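Chemist: Take this structure, written in structure tokens, and hold onto it; I'll ask about it next.
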Amino acid sequence: LQPPACRPNALPPPKPMQHGDVCQPEWKYDGVPEGGVDAAFFDLPNPWLAVPLAAPLLRAGGRLCTFSPCIEQVERTLAVLAAAGFTRPEVVEVLVRTHEV
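So the working numbering is basically just the index in the sequence shown, starting at one, shifted up by 44.
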């Protein structure tokens with residue numbers, strides 16, 4: 045239970061999660077309406093397979109983030125994003141640099 049002073053700032057109840065292969069054509073996320081998702085994150089070897097299935101779940105202006113180590117994966121994903129109606133894609137390279145403190 046949360047103390048009364050914390051209730052105005054409480055987070056909404058957690059959303060249910062489902063396990064499945066988002067890259068398979070028969071995949072669906074039961075209970076989530078079209079446009080009911082603000083953002084999705086994919087760390088998959090072939091995210092271009094998941095984009096057409098997840099795109100309808102994202103709200104207009106929603107965000108999709110994919111992690112791909114190879115530029116060929118990025119190129120394939122970008123082509124599918126355009127076909128799924130995504131606009132203004134952005135590609136960012138993340139470099140890890142360690143520091144001793």
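All C-beta atoms in this analysis are idealised placements derived from N, C-alpha and C, irrespective of residue type, glycine included.
Fair warning: this is a prediction, and the values are worked out from it, not measured in the lab.
Tell me threonine 110's beta-bridge partners as DSSP assigns them.
Modeler: To locate residue 110, count along the sequence shown from 1; it is residue 66. Its beta-bridge partners are Phe86.
Chemist: For the alpha helix (DSSP H) containing glutamate 116, name the first residue and the last one.
Modeler: By 1-based counting over the sequence shown, the position of residue 116 is 72. Residues 115 to 127.
Chemist: Would you call the CB atoms of leucine 102 and leucine 108 closer than 8 angstroms?
Modeler: Translated into positions along the sequence shown, residue 102 becomes position 58. Translated into positions along the sequence shown, residue 108 becomes position 64. Yes, Cβ-Cβ distance for leucine 102 and leucine 108 is below 8 angstroms.
Chemist: Classify valine 81 as helix, strand or coil using the three-state DSSP reduction.
Modeler: The residue you call residue 81 lines up with position 37 of the sequence shown. Residue state, collapsed to three classes: strand.
Chemist: Distance, Cα to Cα, alanine 123 vs threonine 110?
Modeler: Counting from one through the sequence shown, the residue named residue 123 turns up at place 79. Counting from one through the sequence shown, the residue named residue 110 turns up at place 66. The straight-line gap from Cα to Cα measures roughly 13 angstroms.
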